[in-house]
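Using the working numbering, the first residue of the sequence shown is number 62, and each one after it goes up by one.
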Amino acid sequence: MDNFPLSHLRTTPEEIRRTQSEISKSAYSSIGRRKTIQKIVFGIFRSAAWINGIALVIILYFMISKGWRAINWTFLTQPPMDSMTKGGILPCIVGTIGLSLGAILFAFPIGVASAIYLNEYARPGRFLRIIRLGINNLAGVPSVVFGLFGLAFFVIYLEFGVSLLSGALTLGAMTLPVIIGSAEEALKAVPDTYREASLGLGATKLQTIFRVVLPAALPGILTGGILGISRAAGETAPIMFTAAVFFSPRLPSSVFDEIMALPYHIYVLATAGTEIEATRPLQYGTALVLIVLVLGLNLIAIIWRSRLRKRMQ
């Protein structure tokens, strides 16, 4: 064993340099390939964002250029007149605001409570998976199906009639999956250390949820509310069966009154009006008011959310 040759086990400096060079080239090649893939993916994301932004600008430009001539004080403060070829859209504005706020007042507490149960109390298992599957399926149900459900349940079975209440409850049921999903993701984003610290200081689980977890998750939960308002304000099919009417010169005096709404009014003017071509400016003006109204409601919610975030920081 003492005479065993070890020369073939030795590595010369040249071989070491060659090996290091090959390793460096391989590493640089891998890094370069990953950077190239990253640039391509980021380019796709950037292009998608630009496409969405350009589409929004085009839509806004088209609506503003076609509808700004119809916007005046009479248009915003008077009911429709002369077979809806003249006058304004005040009942439609009031009806849309009432439907949106009513839907959120109904859906937001129930959605947040459902998210709290799913994230904080429900045990992982088949039952929880079935519930989440049902919520995901509800999010993909067409709005006209919710309209038929509202007609059968709220309008006929509960005898609410075609009213603001029936429409708001139907829209609330339609926005529930969005609010539940957003609220649950916001609760999941709260670090477990917050819960552990609160429980360690002697707080109960209920106190921990309401005083620690919910305040930390509130900005994300409000995001779901913003999405819910946007969807509720722009829907036509659900309110067609449950709340909206062709024409109503007066404002609703109770939640059981029929209403006019901006989305349905646009549909009526564009498809079932007596003089469709003559009402084109009113159609575009109504659409522009609807866009501004939705953006305004979203802006209020976004400002409130940003203030909450600053307060928490």
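We put the CB at the ideal spot given by N, CA and C, even for glycine.
Here the structure is a predicted model, which is why all the values come from computation and not from measurement.
Status (buried if at least 16 other CB within 10 Å, exposed otherwise) for residue i
i	result
Ile-105	exposed
Pro-310	exposed
Glu-319	buried
Gln-13	Since the first and last residues shown for the chain are 62 and 374, residue 13 lies out of range.
Gly-228	buried
Gly-263	exposed
Glu-220	exposed
Ile-290	buried
Phe-136	buried
Gly-156	buried
Val-118	exposed
Thr-332	exposed
Ser-144	exposed
Phe-103	exposed
Thr-347	buried
Glu-336	exposed
Leu-267	exposed
Pro-152	buried
Gly-357	exposed
Ala-322	buried
Val-239	buried
Tyr-218	exposed
Reduced DSSP category for residue i - H, G, I as helix; E, B as strand; rest coil
i	result
Ile-132	coil
Gly-149	coil
Pro-238	helix
Ile-363	helix
Ala-164	helix
Ile-313	In the sequence on display, residue 313 carries Pro and not Ile. Of the three classes helix, strand and coil, the one that applies to Pro-313 here is coil, per DSSP.
Arg-184	coil
Ala-277	helix
Thr-157	helix
Ala-244	helix
Ile-337	coil
Phe-214	helix
Ser-204	helix
Leu-67	In this predicted model, Leu-67 has a pLDDT of only 48, less than 50, meaning its place in the structure is not dependable enough to derive any value.
Ser-224	coil
Met-62	For Met-62, the predicted model reports a pLDDT of 49, less than 50, meaning its position is unreliable; a value from the coordinates is still stated below. Three-state result, Met-62: coil.
Val-251	coil
Distance cut-off 7 Å: residue i Cβ against heavy atoms of the ligand GDP
i	result
Leu-194	Among the ligands in the structure shown, none appear at all, so the ligand GDP cannot be discussed.
Reference residue i, options the options, closest by Cα
i	options	result
Ala-362	Tyr-328, Gln-344, Leu-351, Gly-281	Gly-281
Leu-209	Phe-188, Ala-234, Arg-190	Ala-234
Ser-315	Gly-222, Arg-341, Leu-356	Gly-222
Glu-181	Ala-278, Leu-358, Leu-323	Ala-278
Glu-246	Thr-236, Val-306, Leu-179	Leu-179
Phe-167	Gly-295, Thr-254, Leu-237	Leu-237
Val-202	Val-350, Ala-298, Ala-322	Ala-298
Arg-130	Val-353, Ile-364, Leu-343	Leu-343
Sheet register partners of residue i (DSSP bridge)
i	result
Ile-320	Ala-305
Met-142	Lys-147
Contact belief for residue i with residue j at Cβ below 8 Å, rounded distance in angstroms
i	j	result
Ile-177	Leu-248	7 Å
Phe-317	Leu-226	6 Å
Ser-204	Ala-304	Ser-204 to Ala-304, Cβ: 13 Å. No contact.
Arg-256	Thr-269	6 Å
Asn-359	Ile-241	With a Cβ gap of about 20 Å, Asn-359 and Ile-241 do not count as contacting.
Gly-159	Pro-313	7 Å
Ala-294	Val-355	5 Å
Pro-141	Phe-307	The Cβ separation is near 10 Å, so there is no contact.
Leu-456	Arg-366	The question about residue 456 has no answer, for the chain in this structure spans 62 to 374.
Ala-244	Gly-285	5 Å
Lys-127	Tyr-345	4 Å
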